[in-house]
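In the numbering used here, the protein residues as written are 59 to 156.
Glycine included, C-beta positions come from ideal geometry on N, C-alpha and C.
Structural data, given as structure tokens:
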């Protein structure tokens, strides 16, 4: 069947997450916000050039929960399909890995 996400959006009950091909967590396909799980797991370079360890399992869980907690109620916070088009700040599905 067809997913009519514009005319009959189901955002309020959506429980789906997507991890993109480049390690970004998207809590909404219509939203532009992404959290880099790849970088969080790998660690980060400090000012002195040394690497800081990546997040442990519990901290990674907290990072994901925080991202989900910031999810907008509908359509990535754009209001409607016209708002999504005007914002023009989201990657197309071909770049997300869908």
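Point to revise | Bridge-paired residues (DSSP) for residue 110 | key: 102
Check your understanding: Do you know offhand how far residue 117's Cα is from residue 80's?
Key -> 20 Å
Check your understanding: Is it buried or exposed for residue 95, if we count other Cβ within 10 angstroms and need 16 for buried?
Key -> buried
Point to revise | Sequence-distant residues of its chain with Cβ nearer than 6 Å to residue 97 (five each side left out) | key: none
Review point. Comparing alpha-carbon positions, which option in 72, 91, 102, 111 lies nearest residue 125?
Key: 91
Review point. Apart from the five residues on each side of it in sequence, which residues of its chain come closer than 6 Å, Cβ to Cβ, to residue 76?
Key: 84
Exercise for review: Taking all protein chains shown into account, decide if residue 102 is buried (16 or more other Cβ within 10 angstroms of its Cβ) or exposed.
Suggested key: exposed
Review point. According to DSSP, is residue 126 helix, strand or coil?
Key: helix
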